[in-house]
Structure formats: structure tokens, C-alpha cells
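Undergrad: Chains Z and A, in that order, give the protein sequences.
All residue numbers for the first sequence refer to our numbering, where the first residue is 391 and numbers rise by one.
All residue numbers for the second sequence refer to our numbering, where the first residue is 391 and numbers rise by one.
A virtual CB, placed ideally from N, CA and C, is assigned to each residue, including glycine.
Sending over a structure as C-alpha cells; questions will come in a sec.
Number of protein chains: 2
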Amino acid sequence: MSASAASTAVNKDGTALTTLFVKCLVRIIRAQDSYGSWDRKLDAELLANFIVTKDQRRAIPIIGNPNPDVRRRIAIFYSAVGLAIRERSGLMASPMIEISDEGFGCVHLTVGRLVVVSKIIRDAHRFGFETLWRLATAGSILVDDAIAAIEAYPEVARA
Amino acid sequence: MSASAASTAVNKDGTALTTLFVKCLVRIIRAQDSYGSWDRKLDAELLANFIVTKDQRRAIPIIGNPNPDVRRRIAIFYSAVGLAIRERSGLMASPMIEISDEGFGCVHLTVGRLVVVSKIIRDAHRFGFETLWRLATAGSILVDDAIAAIEAYPEVARA
Numbered sequence: 391m392s393a394s395a396a397s398t399a400v401n402k403d404g405t406a407l408t409t410l411f412v413k414c415l416v417r418i419i420r421a422q423d424s425y426g427s428w429d430r431k432l433d434a435e436l437l438a439n440f441i442v443t444k445d446q447r448r449a450i451p452i453i454g455n456p457n458p459d460v461r462r463r464i465a466i467f468y469s470a471v472g473l474a475i476r477e478r479s480g481l482m483a484s485p486m487i488e489i490s491d492e493g494f495g496c497v498h499l500t501v502g503r504l505v506v507v508s509k510i511i512r513d514a515h516r517f518g519f520e521t522l523w524r525l526a527t528a529g530s531i532l533v534d535d536a537i538a539a540i541e542a543y544p545e546v547a548r549a
Numbered sequence: 391m392s393a394s395a396a397s398t399a400v401n402k403d404g405t406a407l408t409t410l411f412v413k414c415l416v417r418i419i420r421a422q423d424s425y426g427s428w429d430r431k432l433d434a435e436l437l438a439n440f441i442v443t444k445d446q447r448r449a450i451p452i453i454g455n456p457n458p459d460v461r462r463r464i465a466i467f468y469s470a471v472g473l474a475i476r477e478r479s480g481l482m483a484s485p486m487i488e489i490s491d492e493g494f495g496c497v498h499l500t501v502g503r504l505v506v507v508s509k510i511i512r513d514a515h516r517f518g519f520e521t522l523w524r525l526a527t528a529g530s531i532l533v534d535d536a537i538a539a540i541e542a543y544p545e546v547a548r549a
């Protein structure tokens, strides 16, 4: 990576930290730190586990059960999507996650009677994003789509 | 139980077997019998595991993981609800089930973007119905509610 490309990446990652979705994600992670042992950690440090580079990805085997850490990470990611949806729409969005022992699965976020997010999960073992920016984008797109769905069917979301 | 009460119960159970929901349930159970070893079994025999009397219920401990048999039974029950919804509406209803190791959980059946069934599960360990008739009624109510939801929001169910 050239020096300028590297600095663009850093800038983008800096912007990522200011998005609503990433703020929600950090808030959920910090909420689990009952004893304040992460108080001095930067947000980017807390999110480090969500960043999986291409090479790291390839190195993770996809046999056997996805481990509890990665399952928890997936759960936190979608909870943050739900929280961001609530911040923007004022409506509770609750996630439901079903992941098989082979790492395949499905996520639904529902608001009232409306399914606002519906995602297929593959290779749960390798869940992660190449950069903070990609993490922020992936989450924000889900939030935007969910808000669009709520606006399209407001009476179902309130049913 | 007096003789007439017993015969009413038998009649009701007979009627239960003719409901759309129970027919769907039996169809799903028979579909898993790849080698035809249950071909001579009566429908009521195949459903015997779904019947849990009050005394049996009380005897089932609710500590530890709900066992795989009861988890499968819950999955089959809701798949049958989904199948009956499809028979009546022509639309695919797919179940999503999340049950914790403590036996608490949640079931959603969705059609398109519409949540047509949303149930909280408690004491998954003790899942079952007192009589065939109760089994049929519980399933049929869910199917009726789902159909009503689809009729109320047809465009969301087709989204």
C-alpha cells in the first residue's frame, strides 16, 4: 500500500467510526464491559475482532461448528443494526438468528409484523469485514434498507 | 372418565385427524420415513409423541438442554403450520426457530416480508398437547391467524 493509499484508508476508517451504525455497535460492546476494563480502549480496538483480512479469512477452516465467539460477534452485529434502526425510526427491531452447525443460517430483523432485514449467512466461521469502512458500510446499508421498508409499510411495522 | 365422555374424546380425536393442519403434520412425519417402515402405522400412532398428558408433563424436568427429539418435534409442528398456510394461501411460509439451552425461545413464520406467526416458547422441554384434539386446535388457530394476516396485508406477504 502506498503512503497516500494508506492515509486514505485511515481517513475512511476514521469516518466509519462516526457512522450511526458503528456508534451503536460500539455502544453494545461497551455495554457488556460491566467492570470498565475496556474504558481506556479506543473504539477501533474494540472493533478489531470484526476485521478479518482476506488472508486471515482464507486461514479460518469452515469445518466443525462455528465457535461461540464468532456466533456472538454475528449476534452483536445484528443487534447493532437493530439498535440503529430504533435510533432512526423510534421502533424496536428485534433480531432472530438461526445458524446451523455447518455455518449456514439466516437472520431476520422484525419491526412489528414487518421483516425489515432478511439475510442468508454462509461461512459463519469467517464472519468479518476487511476494513472498518466495509464494516460500517455493510451495517449502514442494512439500516437504510430497513428504514425504507418501514416507510413503505408503516402500518405493518406498527402492527 | 365415563363411557360417554371417553367416546366423545375418541370422536374429537377422530375429527382432529381430518383437519388440514394435522394432515400436513402427518405428511411431514411420513416424508421422513425414507424406508417405508411406518407405512402400516396409523396416523394417530405417528402423532403419539406430540401427546403429553398433564402427569407426563409434570414428570419432565426443565433443567438442562431441551433434548434433540423435542427440538425436532417443535420444528415439525411449525413446519406443518407453514405447510398448511401454503395449502390455503398458495404462499410459502418459512419458520425460524430460536430456542435457548434453557428452553426459552421464539418462533417466527414469515411470508414475504410479513410475519404471520410469532410465538414465544417456554418450557420447550415439555412441548406437547394433552389430546390430539388440542394439538389440532393449537395448529389450526395459528394457521387461521396467519391467513387473516395475509389477507390484511396482501402486498407485504407478496413483497
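Just to make sure I have the definition right: I need the residues of chain Z whose C-beta is within less than 8 Å of the C-beta of A/Met486. Which are they?
TA: Within 8 Å Cβ-Cβ: Met486, Glu488, Cys496, His498.
Undergrad: Can you name the start and end residues of the beta strand (DSSP E) that Z/Glu488 belongs to?
TA: Here the beta strand (DSSP E) through Z/Glu488 covers 484–489.
Undergrad: How big is the Cα-Cα spacing for Z/Ile475 and Z/Ala536?
TA: Roughly 7 Å separates the two Cα atoms.
Undergrad: Would you say Z/Val416 reaches chain A, if we count a Cβ-Cβ gap shorter than 8 Å as a contact?
TA: No, Z/Val416 does not count as interfacial toward chain A.
Undergrad: With distances taken from CA atoms, which of Z/Arg548, Z/Ala528, Z/Glu520 is nearest Z/Arg448?
TA: When each option's Cα is compared against that of Z/Arg448, the closest is Z/Glu520.
Undergrad: Got a sec, what are the start and stop residues for the beta strand (DSSP E) A/Thr500 sits in?
TA: Looking at the DSSP string, the run of the beta strand (DSSP E) that includes A/Thr500 is 495–501.
Undergrad: From the beta carbon of Z/Leu504, is the nearest beta carbon of chain A less than 8 Å away?
TA: Yes, its Cβ sits closer than 8 Å to a Cβ of chain A.
Undergrad: Between Z/Ile487 and Z/Ala470, which are expected to be in contact by the criterion C-beta below 8 Å, what is the C-beta distance as a whole number of angstroms?
TA: Not a contact, Cβ separation roughly 13 Å.
Undergrad: Run through chain Z and tell me which residues come within less than 9 Å of A/Tyr468, C-beta to C-beta.
TA: Going along chain Z, no residue has its Cβ under 9 Å from A/Tyr468, so there is no contact; the nearest lies around 12 Å.
Undergrad: Under 8 Å, do A/Gly529 and A/Ala514 count as touching if we go by C-beta distance?
TA: No, Cβ-Cβ distance for A/Gly529 and A/Ala514 is not below 8 Å.
Undergrad: For Z/Tyr425, is the classification buried or exposed, using 16 other Cβ atoms within 10 angstroms of its Cβ as the cut-off for buried?
TA: Z/Tyr425 comes out exposed.
Undergrad: What are the residues that DSSP puts in a beta bridge with Z/Lys444?
TA: According to DSSP, Z/Lys444 bridges with nothing at all.
Undergrad: Expressed to the nearest angstrom, what Euclidean distance is found between the alpha-carbon atoms of A/Leu504 and Z/Leu522?
TA: Between A/Leu504 and Z/Leu522, the C-alpha separation is close to 33 Å.
Undergrad: Drop a sphere of 10 angstroms on the beta-carbon of A/Ile453, count the other beta-carbons inside from all chains shown, and report buried for 16 or more, exposed for fewer.
TA: A/Ile453 should be labelled exposed.
Undergrad: Per DSSP, what kind of secondary structure is A/Ser508 in: helix, strand or coil?
TA: Residue state, collapsed to three classes: strand.
Undergrad: Buried or exposed: which applies to Z/Ala438, given that a residue is buried once 16 or more other Cβ atoms fall within 10 Å of its Cβ?
TA: Looking at its Cβ environment, which holds fewer than 16 other Cβ atoms inside 10 Å, Z/Ala438 is exposed.
Undergrad: Could you name the residues that DSSP lists as bridge partners for Z/Phe519?
TA: Its beta-bridge partners are Z/Ile441.
Undergrad: Give every residue of the same chain whose Cβ lies closer than 7 Å to the Cβ of A/Ile510, excluding the five residues on either side of it in the sequence, and list them in chain order.
TA: The answer, listed in chain order, is Cys496.
Undergrad: Please tell me whether Z/Val460 has its Cβ less than 8 Å away from any Cβ of chain A.
TA: So, not an interface residue.
Undergrad: Is there a C-beta anywhere in chain A that falls below 8 Å from the one on Z/Gly539?
TA: Reading the sequence as shown, one finds Ala at residue 539 of chain Z and not Gly. It does; some Cβ of chain A falls within 8 Å.
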